Amino acid sequence: MEFFIRKGSTDPLLKLRLVDDGRNDKSSLNDLLENSDITFDMFEVETEVPIILGGVCNLTTRNKKYDQTTDEYYITYRFTEDQTLESGKYEGVVTIQFLDTDLLPTEKLIVPIKEKLFINII
Amino acid sequence: MPLDITGFTTNLIECSSKLAGDCCPIDSTLDVRPWAYEINKHAGTDLCDYIIERRPEKGWTLDFVFNREELPWSVGSVFYFFGVRDEYTQSLYADNNLSFGFTSDGKIKWNAYRYSGSCVNESYKETFYHDSGVTPILCENGTSKDFNITIVFDRHLRHTECEIENAGGWNDLITGSTITNPRAVTLSGATENYQYIEELNKDWNDERYARLGILKIYLNGRPIYKIDNWEEIIPSNRGFQPFIQSWGGGTTGSGGIHQGVTGFNLKRIKYIEEPLNALEVRHHYIVSTKPRYDIIECQEKCEENNIEPFSD
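For the record, the sequence lines run as chains P and S. Start counting the first sequence at 28; every next residue gets the next number (this note's numbering). Start counting the second sequence at 89; every next residue gets the next number (this note's numbering).
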């Protein structure tokens with residue numbers, strides 16, 4: 028999975044959509060996401076030097092076409108100018124820390140799962 | 089030199105959109121709890137709309153900011169009521185009442201007295217029952233100073249136009265009508281005014297599915313409770329004083345399940361005729377609540393702010 032951004036840019040927004048493959052109950056995953064802390068880490072592929080650690084991600088949702096459909100959540104991260112100063116190839120990792128009702132951490136999910144997310148600063 | 093703008097002949101603000109002033113005044117907030125009023129009438133004499141919709145299109149949101157002032161949970165009691173006041177006849181208050189309150193062990197409890205029915209031996213048999221639920225215990229840190237409670241009902245179905253009153257709405261309750269004009273007026277041939285009789289019946293029970301949705305409760309912008317297939321309360325014209333919205337306390341009647349007045353300070357109350365989703369609730373908390381009130385999160389983030397430079 029490749030994401031491209033120009034050197035020194037803050038746009039485009041990095042946006043990840045949860046795969047709706049029909050095998051998982053999306054509504055219960057949404058419930059978990061609503062009470063979670065989501066962070067973004069990025070490190071250089073060659074040197075493995077971290078560039079971003081614990082960057083705060085946001086959740087967004089798209090306008091539903093039909094009221095009865097389940098909400099579709101996206102995880103977004105906006106880069107700062109400082110974070111895109113050096114061109115190169117980086118790997119990105121999103122960590123979802125699920126919380127209980129006392130905001131204590133429970134399970135943790137690291138995405139993407141099947142393939143790596145590469146960020147290309149050009 | 090003053091700027092004079094003339095030529096306008098129409099009052100741009102419609103009477104029905106105002107909740108104050110001589111046009112459509114609302115009962116004033118008193119220094120006593122609960123602050124209760126009838127939603128179907130204003131204190132004025134003109135013909136204004138309902139203060140709030142009798143049944144919103146998709147659902148509603150309640151938002152509160154409380155301060156406990158170190159009082160125990162036992163004085164929390166009922167903090168919101170919606171429905172019929174001081175009614176003691178079961179068939180009149182059933183499906184016509186809802187309250188939220190704090191329990192003595194620090195949870196939020198909702199209460200409703202409901203109606204149901206089923207066919208037994210080819211005849212329709214009515215039943216009544218007390219329905220309730222509780223959240224987990226609210227975290228101690230997050231409720232130690234000001235704290236924000238948001239309650240959202242999101243109906244599965246969005247009803248628009250005539251569906252609002254027909255799809256599981258109050259038209260299913262209508263079993264007849266009475267003419268309210270004086271007899272002389274009726275005999276004179278003038279237009280008759282009708283008042284519809286609303287009663288619980290099989291049609292109402294059959295359309296229960298159209299009233300179901302999800303009830304969610306949030307503490308400081310984070311979800312703590314969710315129940316699916318929760319039946320909404322549509323206030324109906326049954327009983328002593330229907331259409332009551334009460335903030336800070338409950339009411340007598342309704343089987344005694346809504347009695348009590350909260351001892352906690354209510355710093356802000358809001359009623360929104362839309363169900364906010366989890367992201368909107370969180371956004372509202374971050375933008376409009378957290379900066380304005382003295383709120384401690386359930387688990388404050390550990391942030392080091394006095395980092396000394398390393399030296400041998």
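Where is the CB? At the ideal position from N, CA and C, for every residue including glycine. Remember, it's a predicted structure, so these values are computed and weren't measured experimentally.
Residue i - containing alpha helix (DSSP H), residue span
{"i": "H244 of chain S", "result": "Looking at the DSSP string, H244 of chain S is not in any alpha helix (DSSP H), and its letter there is neither H nor E."}
{"i": "E175 of chain S", "result": "It is not in any alpha helix (DSSP H) - E175 of chain S carries neither H nor E in the DSSP assignment."}
{"i": "N293 of chain S", "result": "290-294"}
{"i": "N254 of chain S", "result": "251-254"}
Proximity of residue i and residue j at Cβ, strictly below 8 Å
{"i": "I239 of chain S", "j": "G309 of chain S", "result": "no"}
{"i": "L261 of chain S", "j": "E287 of chain S", "result": "yes"}
{"i": "L144 of chain P", "j": "G119 of chain P", "result": "yes"}
{"i": "G301 of chain S", "j": "E320 of chain S", "result": "yes"}
{"i": "Y168 of chain S", "j": "A182 of chain S", "result": "no"}
{"i": "T350 of chain S", "j": "G221 of chain S", "result": "no"}
{"i": "W198 of chain S", "j": "W335 of chain S", "result": "no"}
{"i": "I65 of chain P", "j": "I32 of chain P", "result": "no"}
{"i": "C146 of chain P", "j": "F30 of chain P", "result": "The displayed chain sequence assigns Ile, not Cys, to residue 146 of chain P. Cβ distance < 8 Å, so I146 of chain P and F30 of chain P count as in contact."}
{"i": "L150 of chain S", "j": "Y313 of chain S", "result": "no"}
{"i": "K190 of chain S", "j": "I357 of chain S", "result": "It should be noted that the sequence gives Phe, not Lys, for residue 190 of chain S. Not a contact, by the Cβ cut-off of 8 Å."}
{"i": "H346 of chain S", "j": "N185 of chain S", "result": "yes"}
{"i": "F70 of chain P", "j": "Y117 of chain P", "result": "yes"}
{"i": "D98 of chain P", "j": "N57 of chain P", "result": "yes"}
{"i": "N293 of chain S", "j": "K233 of chain S", "result": "no"}
{"i": "V166 of chain S", "j": "G341 of chain S", "result": "no"}
{"i": "L126 of chain P", "j": "E385 of chain S", "result": "no"}
{"i": "I332 of chain S", "j": "E126 of chain S", "result": "yes"}
{"i": "V114 of chain P", "j": "I78 of chain P", "result": "Note that residue 114 of chain P is Ser in the sequence shown here, rather than Val. No, the Cβ-Cβ distance between S114 of chain P and I78 of chain P is not below 8 Å."}
{"i": "C84 of chain P", "j": "F67 of chain P", "result": "yes"}
{"i": "L307 of chain S", "j": "I383 of chain S", "result": "no"}
{"i": "F352 of chain S", "j": "L159 of chain S", "result": "yes"}
{"i": "G205 of chain S", "j": "W161 of chain S", "result": "no"}
{"i": "L245 of chain S", "j": "A298 of chain S", "result": "yes"}
{"i": "E295 of chain S", "j": "G256 of chain S", "result": "yes"}
DSSP beta-bridge partners of residue i
{"i": "W318 of chain S", "result": "S:G301"}
{"i": "G221 of chain S", "result": "S:W198"}
{"i": "D234 of chain S", "result": "S:N155, S:I383"}
{"i": "K30 of chain P", "result": "Before going further, note that residue 30 of chain P is Phe rather than Lys in the sequence given. Answer by DSSP bridge pairing, in chain order: P:I146."}
{"i": "F216 of chain S", "result": "S:Y203"}
{"i": "L86 of chain P", "result": "P:I102"}
{"i": "T149 of chain S", "result": "S:V240, S:I360"}
{"i": "F167 of chain S", "result": "Its beta-bridge partners do not exist; DSSP assigns none."}
{"i": "G341 of chain S", "result": "S:E175"}
Opening and closing residue of the beta strand (DSSP E) in which residue i lies
{"i": "V349 of chain S", "result": "Note, V349 of chain S: premise wrong, no beta strand (DSSP E); not H, not E."}
{"i": "I140 of chain P", "result": "Element bounds for I140 of chain P: n/a, residue is neither H nor E."}
{"i": "A124 of chain S", "result": "123-126"}
{"i": "W335 of chain S", "result": "329-335"}
{"i": "V120 of chain S", "result": "Taken as a continuous stretch (DSSP letters only), V120 of chain S belongs to no beta strand (DSSP E), as it is neither H nor E."}
{"i": "R370 of chain S", "result": "R370 of chain S -> not in any beta strand (DSSP E); alpha helix (DSSP H) instead, spanning 366-372."}
{"i": "I79 of chain P", "result": "77-83"}
{"i": "L43 of chain P", "result": "41-44"}
{"i": "L126 of chain P", "result": "115-126"}
{"i": "Y101 of chain P", "result": "100-104"}
{"i": "E141 of chain S", "result": "Taken as a continuous stretch (DSSP letters only), E141 of chain S belongs to no beta strand (DSSP E), as it is neither H nor E."}
{"i": "S265 of chain S", "result": "262-267"}
{"i": "T66 of chain P", "result": "63-71"}
{"i": "N209 of chain S", "result": "N209 of chain S -> no beta strand (DSSP E), and no H or E assigned at all."}
{"i": "Q283 of chain S", "result": "282-286"}
{"i": "S36 of chain P", "result": "Careful: S36 of chain P lies outside any beta strand (DSSP E) and carries neither H nor E."}
{"i": "L62 of chain S", "result": "With chain S covering 89 to 400 only, the question about residue 62 of chain S has no answer from this structure."}
Cutoff 8 Å: residue i Cβ touching any chain C Cβ
{"i": "L364 of chain S", "result": "Looking at the structure shown, chain C is missing, and the protein chains on hand are P and S."}
heavy atom of the ligand COA below 7 Å from residue i C-beta
{"i": "D291 of chain S", "result": "This structure lacks the ligand COA, and indeed carries no ligand of any kind."}
At a cut of 8 Å, does the region 224-231 of chain S reach the region 262-274 of chain S through at least three beta carbon pairs?
no
Taking a cut of 9 Å between CB atoms, which residues from the region 218-237 of chain S lie near chain P?
T223, P224, I225, L226, C227, E228, N229, G230
At a CB distance below 7 Å, what residues from the region 299-324 of chain S approach chain P? Give them in sequence order.
R310, P311, I312, K314
Counting pairs of Cβ atoms below 8 Å between the region 139-157 of chain S and the region 361-370 of chain S, do you hit three or more?
yes
Segment contact, 8 Å Cβ cut-off, at least three pairs: the region 170-179 of chain S with the region 326-333 of chain S
yes
Meets three-Cβ-pair contact criterion under 8 Å: the region 375-388 of chain S and the region 204-212 of chain S:
no
Give, in chain order, every residue of the region 50-70 of chain P whose Cβ lies closer than 7 Å to some Cβ of chain S.
D58, E61, N62
Any C-beta of chain S within less than 7 Å: which residues of the region 121-148 of chain P qualify?
T128, D129, L130, L131
Against chain P, which members of the region 349-377 of chain S pass a CB distance test of less than 7 Å?
N365, A366, L367
Quick one, which residues of the region 234-259 of chain S are near chain P if we go by CB-CB under 8 Å, in chain order?
H244, L245, R246
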